[in-house]
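Keeping their order, the protein sequence lines are chains E and D.
When the first sequence is numbered by the numbering used here, its final residue is 269 and no position is left out of the sequence of numbers.
When the second sequence is numbered by the numbering used here, its final residue is 269 and no position is left out of the sequence of numbers.
These notes are about the structure you will find just below.
Number of protein chains: 2
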Amino acid sequence: MLVSGGPRLRGRYHHGDLAPALVEAGLAQLGERGPAAFSVAEVARRVGVSTAAPYRHFADRDTFLAAVAARAATLLAAAMTEAVDGLADPAERLAGAAGAYAAFVAEHRVGLDVIFSPGLRAVRDTDLAATGRAVMSRLLDPSRELAGDGALHLVEQVVALAHGYGTLDADGFLTADRVTDEPTTARARRAALALIAGASGAGARAVVPPSRP
Amino acid sequence: MLVSGGPRLRGRYHHGDLAPALVEAGLAQLGERGPAAFSVAEVARRVGVSTAAPYRHFADRDTFLAAVAARAATLLAAAMTEAVDGLADPAERLAGAAGAYAAFVAEHRVGLDVIFSPGLRAVRDTDLAATGRAVMSRLLDPSRELAGDGALHLVEQVVALAHGYGTLDADGFLTADRVTDEPTTARARRAALALIAGASGAGARAVVPPSRP
DNA sequence: GTCTATAGAGCGATAGAC
DNA sequence: GTCTATCGCTCTATAGAC
């Protein structure tokens, strides 16, 4: 999103609302280069401001990254909500949320790894923590209906599955030797359904770890 | 592994076999800092040689990284082989390989994403390609017994699951809100068993995508 | 084969002009 | 609030001494 007049103004570049524009550009860049290559300077260039400008709005790189991650978490929660909207069956809801999660990670390269990153935890971004919990509840709510006390275990398994689909797709592994042209969303969703079926169907012992002696 | 005399020699540092020592140190560093932060200079420092020394043995950073990845792939294939050694049931073998994969990724931060990385594909390291196939066959062989024509789909699902467990653990997500003190290996293995059960048990339609109209 | 030294680049962050 | 300019750091890679 750029101000009216186009992205490339000559000379001074006055911006109405730089902070959100930086966050938006940061999100786009995260999707293209990944969290490791995330650079304040490059985001500034992308928006068309000097490399010093972001530091008027964000204390340092990590604070900025946390703000971008918080924005991503908001979008992720929304995407997951939309994906399960109108679904009654908890297995369908959990699998739908997993599919949306995988697709989001594949596209934006942000998932629970970044949202709950230990590096960003020091920044203590309130938005990030709250939205992270929102993402988790999209998974936990249907999981509780399915597995009761074993909900956390089931969520862990489904999250791992969805996260794996997202990251492998982002790294070009799934597209390399693609066996279907089915999108990531559908593949992850179907795999999650199988996992859920196997975890609950073959007995809850598949989900809950054996009690320790 | 360092030459006798200890890691810290004064003055000139003569090394018997620098190349393998660099690969080994690179592997250790990969596990600590991750592939993105992988740096030739830091590996050289870790071994105790100048930052120029590695370039006598490897053309550039990517070639070096490919060699490290090839070494990792060898270890990974061995770990997976050992994990399934003596197991007859193909489901147990596939799940065991998945557990070993997850644990390896958690510890070394190298998985199929790095081994089949598009960035390293340009280097065309023969070892890397061959060992990557060896890793895949540990998963594909039992999968074929289980799913026949749907083997590739099942492997994709299991790989995504194991990769998710490995990366999330490496990023500190699983340890953060740990729900068990069960190790990653066992968790990923059990989740894989559930997935396999659900994929084959509830009908093969869970594995193979619907045929297109 | 390893060293020292260096060029050249990118990034994080700050200082001071406007 | 944004700019220009700059410092200090790390990294990749090369040149040349030994």
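All C-beta atoms in this analysis are idealised placements derived from N, C-alpha and C, irrespective of residue type, glycine included.
Beta-carbon gap between E:T236 and E:Y221 smaller than 9 Å: Along the first sequence, one-based indexing puts residue 236 of chain E at 180. Along the first sequence, one-based indexing puts residue 221 of chain E at 165. No, the Cβ-Cβ distance between E:T236 and E:Y221 is not below 9 Å.
Counted within 10 angstroms of its Cβ, other Cβ atoms place E:T223 as buried (16 or more) or exposed: Position 167 of the first sequence holds residue 223 of chain E. E:T223 should be labelled buried.
Contacts that E:Y221 makes with chain D (C-beta to C-beta distance below 8 Å): Reading the first sequence from its first residue, position 165 is the one you call residue 221 of chain E. Correct list: A216 and G220.
Candidates E:L230, E:D145, E:S106 and E:L83, of which the one nearest E:R127 by Cα: Counted from its first residue, the first sequence places residue 127 of chain E at position 71. For the residues E:L230, E:D145, E:S106 and E:L83, the minimum Cα distance to E:R127 belongs to E:L83.
Span of the alpha helix (DSSP H), counted from its first residue to its last, around D:L176: For the purposes of this step, residue 176 of chain D is taken as the residue at position 120 of the second sequence. Residues P174 to R177.
Assumed close pair D:V99, D:P110 - CB separation to whole angstroms, cut-off 8 Å: In the second sequence, residue 99 of chain D corresponds to position 43, counting from 1. In the second sequence, residue 110 of chain D corresponds to position 54, counting from 1. So it is a contact: roughly 7 Å between Cβ atoms.
Selection from E:A248, E:L176, E:S106 and E:L195 that minimises the alpha carbon distance to D:V214: Along the second sequence, one-based indexing puts residue 214 of chain D at 158. It is E:A248 whose Cα lies nearest to the Cα of D:V214.
Helix, strand or coil at E:L224 according to DSSP, with G and I counted as helix: As a working mapping, residue 224 of chain E is identified with position 168 in the first sequence. Helix at E:L224.
Cβ-based neighbour list, E:R194, same chain, cut-off 6 Å, excluding 5 preceding and 5 following: In the first sequence, the residue the question calls residue 194 of chain E occupies position 138. Closer than 6 Å at Cβ, skipping near neighbours: M136 and A153.
D:G228: contacting residues in chain E (beta-carbon distance under 7 Å): Translated into positions along the second sequence, residue 228 of chain D becomes position 172. Those are P174, listed as they occur along chain E.
Within-9 Å CB hit, E:G87 to chain D: Reading the first sequence from its first residue, position 31 is the one you call residue 87 of chain E. For E:G87, the answer is no, since every Cβ of chain D falls outside 9 Å of its Cβ.
Members of the region 189 to 211 of chain E that neighbour chain D once the beta carbon cut-off is set at 7 Å: Within the region 189 to 211 of chain E, the residues whose Cβ lies closer than 7 Å to some Cβ of chain D are L208 and H209, listed in chain order.
Listed by chain order, chain D residues near E:A92 by CB distance under 9 Å: Against the first sequence, residue 92 of chain E aligns to sequence position 36. Chain-ordered, the chain D residues with CB closer than 9 Å to the CB of E:A92 read G90, P91, A92 and A93.
CA nearest to the CA of E:A226, picked from E:G87, E:P76 and E:F172: Residue mapping note: residue 226 of chain E aligns to position 170 of the first sequence, counting from 1. Measuring from the Cα of E:A226, the nearest candidate turns out to be E:G87.
Beta-carbon neighbours of D:D169, restricted to chain E and to distances below 8 Å: Position 113 of the second sequence holds residue 169 of chain D. Here the neighbours are T223, L224, D227 and F229.
Stretch pair the region 140 to 149 of chain D + the region 103 to 122 of chain D: three plus CB contacts closer than 8 Å: no
For D:F120, three-class secondary structure by DSSP: Indexing the second sequence from 1 puts residue 120 of chain D at position 64. For D:F120, the secondary structure class from DSSP, reduced to helix, strand or coil, is helix.
Cβ-Cβ distance between E:F160 and E:L132 below 9 Å: In the first sequence, counting from the first residue as 1, residue 160 of chain E sits at position 104. In the first sequence, counting from the first residue as 1, residue 132 of chain E sits at position 76. Using a Cβ distance threshold of 9 Å, E:F160 and E:L132 count as a contacting pair.
CB contact below 9 Å: D:A244 versus chain E: Residue mapping note: residue 244 of chain D aligns to position 188 of the second sequence, counting from 1. Chain E, which has a Cβ nearer than 9 Å to the Cβ of D:A244, makes this yes.
Residue environment, E:P174, which counts as buried when at least 16 other CB atoms sit within 10 Å: Working through the first sequence from its first residue, we reach residue 174 of chain E at position 118. It is exposed - the Cβ of E:P174 has fewer than 16 other Cβ atoms within 10 Å.
Closer than 9 Å to chain E by CB, D:T187: The residue you call residue 187 of chain D lines up with position 131 of the second sequence. Not one beta carbon of chain E lies nearer than 9 Å to the beta carbon of D:T187.
Cβ pair E:A123, E:V79 closer than 9 Å: Locating residue 123 of chain E in the first sequence gives position 67, counting from the first residue. Locating residue 79 of chain E in the first sequence gives position 23, counting from the first residue. Result yes, Cβ atoms of E:A123 and E:V79 sit closer than 9 Å.
D:R270, enclosing alpha helix (DSSP H) - first and last residue: Any property of residue 270 of chain D remains undetermined from this structure, which presents chain D solely from 57 to 269.
Same chain, Cβ closer than 6 Å to D:A156, five either side skipped, listed in chain order: Working through the second sequence from its first residue, we reach residue 156 of chain D at position 100. For D:A156, where only same-chain residues beyond five positions count, the Cβ hits under 6 Å are A135, M136 and A139.
Whole runs of the alpha helix (DSSP H) within the region 92 to 171 of chain D, excluding any shorter than 4 residues: As far as the region 92 to 171 of chain D is concerned, its whole alpha helix (DSSP H) runs of at least 4 residues are 96 to 103, 117 to 140, 146 to 164 and 168 to 171.
E:A75: contacting residues in chain D (beta-carbon distance under 9 Å): As a first step, residue 75 of chain E is located in the first sequence; it is residue number 19 there, counting from the start. Chain D residues near E:A75: none, gap ~27 Å exceeds 9 Å.
Proximal residues, the region 139 to 163 of chain E versus chain D, C-beta separation under 9 Å: A158
Min CB distance D:T236 to chain E below 9 Å: As a first step, residue 236 of chain D must be located in the second sequence, where it is residue number 180. Yes, its Cβ sits closer than 9 Å to a Cβ of chain E.
Under 9 Å from the C-beta of E:A178: neighbouring residues of chain D: Position 122 of the first sequence, counting from 1, holds the residue named residue 178 of chain E. What E:A178 touches in chain D: nothing, since even the nearest Cβ is about 13 Å away.
Rounded separation between E:F120 and E:V96 - CA only: In the first sequence, residue 120 of chain E corresponds to position 64, counting from 1. In the first sequence, residue 96 of chain E corresponds to position 40, counting from 1. Rounded to the nearest angstrom, the two C-alpha atoms are 8 Å apart.
CA nearest to the CA of E:A203, picked from E:S106, E:R149, E:A81 and E:A255: Taking the first residue of the first sequence as 1, we reach residue 203 of chain E at position 147. Of E:S106, E:R149, E:A81 and E:A255, the residue nearest in Cα terms is E:A255.
Whole-angstrom distance between E:A242 and E:A151, CA atom to CA atom: On the first sequence, position 95 is the one that residue 151 of chain E refers to. On the first sequence, position 186 is the one that residue 242 of chain E refers to. Rounded to whole angstroms, E:A151 to E:A242 spans 10 Å at the Cα level.
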